[in-house]
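Structure first, then comments.
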Amino acid sequence: DAGITQSPRHKVTETGTPVTLRCHQTENHRYMYWYRQDPGHGLRLIHYSYGVKDTDKGEVSDGYSVSRSKTEDFLLTLESATSSQTSVYFCAISEGDIQETQYFGPGTRLLVL
Amino acid sequence: DQQVKQNSPSLSVQEGRISILNCDYTNSMFDYFLWYKKYPAEGPTFLISISSIKDKNEDGRFTVFLNKSAKHLSLHIVPSQPGDSAVYFCAGNTGKLIFGQGTTLQVKP
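Those sequence lines, one after another, are chains A and B.
If you're matching positions, the first sequence starts at 1 in the working numbering and goes up one per residue.
If you're matching positions, the second sequence starts at 1001 in the working numbering and goes up one per residue.
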């Protein structure tokens, strides 16, 4: 198994509060990704990073920001959580070439009340 | 605009029989296609992939077929086992993964 951990694994928060999710890898992979999984939508890319301090938007980036100050850590921040951001969030890593497989973390279940 | 579609939300098969999971896509720029399997409360795990220049890739009980003219791929599992019960996602890759909605497979003993 790829060395990917996510914290917290579960979180309940209130609308309007900031939330930060952390992804940590021990594989020294260059690329890191944040996805959300919702019924009927599969997994959708929020943001990704192709190196320290290098990030870009995915298809559902509104309301989210990311930071990567170290190779091993990729943070996802919900500046002001909304109920529509209730979801399961997955981090993934890869070496980055198009043929490279992405390896996923265990997920964080977030409930915004 | 859903670039990758899995039109069957669920599939139920008997142990030992073949499971066929289907996936359709609209983006001709996909270079690779991948299948992931996901158990409840776990992250997706990579299962098998296929390059757009091939029409078949096999790995043990799992075979993926690609029909580019129809923009269709399928995953065959033979023989199916109860441990194969999971959600299966197909994805197209252009440097970013675009996932389908997933199909829940139930293999009955």
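For glycine and all other residues, C-beta sits at the position ideal for the given N, C-alpha and C.
All values reported here derive from a predicted model rather than from experimental measurement.
Between the CA atoms of residue j and residue i - distance to the nearest angstrom
i, j, result
"B/Ser1051", "B/Phe1033", "6 Å"
"A/Ser80", "A/Thr13", "10 Å"
"B/Phe1099", "A/Thr55", "21 Å"
"A/Gly3", "B/Gly1043", "12 Å"
"A/Lys70", "B/Leu1021", "39 Å"
"A/Asn28", "A/Ile93", "9 Å"
"B/Val1013", "B/Phe1089", "18 Å"
"A/Glu59", "A/Leu78", "16 Å"
Where residue i falls, given that 16 or more other Cβ within 10 Å makes a residue buried
i, result
"B/Thr1103", "buried"
"A/Val117", "Because chain A in this structure spans residues 1 to 113, residue 117 of chain A falls outside the shown range and cannot be described."
"B/Leu1097", "buried"
"B/Asn1067", "exposed"
"B/Val1078", "exposed"
"B/Gly1095", "exposed"
"A/Gln85", "buried"
Collapsed DSSP secondary structure at residue i in the structure displayed
i, result
"B/Asp1031", "coil"
"B/Gly1083", "helix"
"B/Ser1019", "strand"
"B/Gln1002", "coil"
"B/Ser1052", "coil"
"B/Ser1069", "coil"
"B/Gln1101", "coil"
"A/Ser83", "helix"
"B/Ala1091", "strand"
"B/Val1107", "strand"
"B/Lys1037", "strand"
Neighbourhood of residue i by C-beta distance below 6 Å, restricted to the same chain and skipping five residues each side
i, result
"B/Gln1101", "Gln1006"
"B/Phe1065", "Lys1056, Ser1074"
"B/Arg1017", "Ser1080"
"A/Arg22", "Ser7, Leu75"
"A/Leu113", "Glu14"
"B/Thr1045", "Lys1037"
Beta-carbon contacts of residue i that lie in its chain and below 7 Å, excluding the five residues immediately before and after
i, result
"B/Phe1030", "Ser1052, Gly1092, Asn1093, Thr1094"
"B/Ala1086", "Lys1037, Lys1038, Tyr1039, Leu1105"
"B/Pro1082", "Glu1015, Val1107, Pro1109"
"A/Arg30", "Tyr50, Gly51, Glu95, Gly96"
"A/Lys57", "His47"
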